[in-house]
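Each residue of the sequence shown is one higher than the one before, starting from 863 at the first, in the working numbering.
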Amino acid sequence: MRAVGFDKPQPISAETSLIDIELPVPEARARDLLVEVKAVSVNPVDTKVRASVENGQHRVLGYDAAGVVKAVGPEVTLFKPGDEVYYAGAINRPGTNAEFHLVDERIVGAKPKTLSFEEAAALPLTAITAYETLFHRMKVQDKVSGAANAILIIGGAGGVGSISIQLARELTDLTIIASASRPETKDWIKSLGAHHTVDHRSPMAPQIAGLGIGAPPFVFSTTQTEQHVADIIELIAPQGRFALIDDPTQPIGISPFKGKSLSIHWEMMFARPVWQTADMIEQHKLLNHVAELVDAGRIRTTLSETLGPINAANLKKAHAMIESGRTKGKLVLSGF
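Below, the structure is given as structure tokens:
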């Protein structure tokens, strides 16, 4: 089968940073599905893994896919051949940038019926990350007494921010404040349902105070967290809940969080499949829930650009765009 891989960390501009390769088609065992991949999207985690792998350690990237089940393992109960699915996969297994891919059924959802494969491939990783952060980690459904009924989402125009805004708007009664720094990204987050926008390139605490709604008890940082810690501590309500998903380049001192009795929640959406947790089927359930919301017209795909077929040249373009830090929504490739 055709696939795109790499065997050493290199700048994405290097000729062999990603290469087209041929691999044998894997066999479905236990609770695995063998999926014929129709479309994939690219996430920051792809660029991070590409930069960190050991020399000579061959690897296929890709942590978002939509496709069709071709075969199932003997213990599979949730899907059958012919089913259309979407999922993110697991970071400790070969990725989705291949014609065929193995994935545990417990982290797979039924593809939204109203979406194309390309539109569906834009959703899984970011939807899982956003859903788990909002409802499983921060538990935004549980109010913080005396605080504003509001959430701040830092980096609202990115992939995770884009779906977080929609989930918060559709599934909660929170006032949604989202950050963006350019006119086009501010327009984007408003179109997704943000009630207010702030510019994260300037101090956010006075901007939020100026809204006159009080201190938000929930703050979700999706990017460049180390640049915003002091600001977050100033603007968040006492006994608030702070969540982050990025990988700060410098250690974050958490002592200042004590003064307001703040809780810190670090979301890693691969934790359930990597550690085979007893509740990993929650990802199957939440992906099905997201699909229902999409099909009901309550949430839309965050696909922003389709870059052509799945090959090394197009994936290199996608990685370069992700590394620029200026993308909005999701980048998708489809077909081989």
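Where a beta carbon is used, it is the ideal one built from N, C-alpha and C, also for glycine. Only a predicted model underlies this, so the values are computations on that prediction, with no experimental measurement involved.
Checklist entry - If you draw a straight line from the alpha carbon of K1275 to that of I1126, how long is it in whole angstroms? => result Nothing in the structure corresponds to residue 1275, since the chain is present only between 863 and 1198.
Item to check | Bridge-paired residues (DSSP) for A1105 | outcome: Bridge partners of A1105: F1082, H1127.
Checklist entry - Which residue spans inside the region 872 to 942 form an unbroken beta strand (DSSP E) run of at least 3? => result Annotation: the region 872 to 942 contains the following complete segments of the beta strand (DSSP E) (minimum length 3 residues), in chain order: 881 to 884, 894 to 904, 927 to 934.
Checklist entry - Under a three-way DSSP split, which group does K1179 fall into? => result Looking at K1179 - three-state DSSP - the assignment turns out to be helix.
Checklist entry - Within 10 angstroms of its Cβ, does A1077 collect 16 or more other Cβ (buried), or is it exposed? => result Classified as buried, A1077 has 16 or more neighbouring CB atoms from the shown chains inside 10 Å of its CB.
Checklist entry - Per DSSP, what kind of secondary structure is S1053 in: helix, strand or coil? => result Helix at S1053.
Checklist entry - By the 10 Å Cβ neighbour count, where 16 or more other Cβ atoms means buried, how is Q1003 classified, buried or exposed? => result By the Cβ-count criterion, Q1003 is exposed, with fewer than 16 other Cβ atoms from all chains shown falling within 10 Å of its own Cβ.
Item to check | Reduced DSSP secondary structure (H/G/I, E/B, other) of V1022 | outcome: It is helical.
Checklist entry - Leaving out five residues before and five after S1041 in sequence, what residues of the same chain have Cβ atoms less than 6 Å from its Cβ? => result I1016, G1018, V1060, H1062, listed in sequence order.
Next on the checklist: Counting C-beta neighbours from all protein chains within 10 Å, is the total for H963 16 or more, i.e. buried, or is it exposed?
Outcome noted: Counting Cβ neighbours within 10 Å, H963 comes out buried, since at least 16 surround it.
Item to check | Boundaries of the alpha helix (DSSP H) in which R1134 is found, first to last residue | outcome: That run of the alpha helix (DSSP H) goes 1133 to 1137.
Checklist entry - Ends of the alpha helix (DSSP H) at F868? => result No alpha helix (DSSP H) contains F868, which is instead part of the beta strand (DSSP E) from 864 to 868.
Checklist entry - Under the three-state reduction of DSSP, which class applies to L964: helix, strand or coil? => result Strand, per DSSP.
Checklist entry - Three or more beta-carbon pairs under 8 Å between the region 1168 to 1181 and the region 985 to 994, yes or no? => result No: the two stretches stay apart, fewer than three of their Cβ pairs being nearer than 8 Å.
Checklist entry - Can you tell me whether I1116 is buried or exposed, with buried defined as 16 or more other CB within 10 angstroms of its CB? => result Result: exposed.
Next on the checklist: What would DSSP say about G1121, mapped onto helix, strand or coil?
Outcome noted: DSSP places G1121 within a helical segment (H, G or I) once states are collapsed to three.
Next on the checklist: Taking its Cβ as the centre, do 16 or more other Cβ atoms sit within 10 Å of H1199, making it buried, or is it exposed?
Outcome noted: Outside the shown range of the chain (863 to 1198) lies residue 1199, about which nothing can therefore be said.
Next on the checklist: Measuring CB atoms only, is the region 1032 to 1039 touching the region 1122 to 1139, in the sense that at least three cross pairs come out at less than 8 Å?
Outcome noted: As far as the Cβ criterion goes, the region 1032 to 1039 does not touch the region 1122 to 1139, which means the pair count is below three.
Checklist entry - Whole-angstrom Cβ separation of I969 and Y949, contact assumed at under 8 Å? => result About 6 Å; that satisfies the 8 Å criterion.
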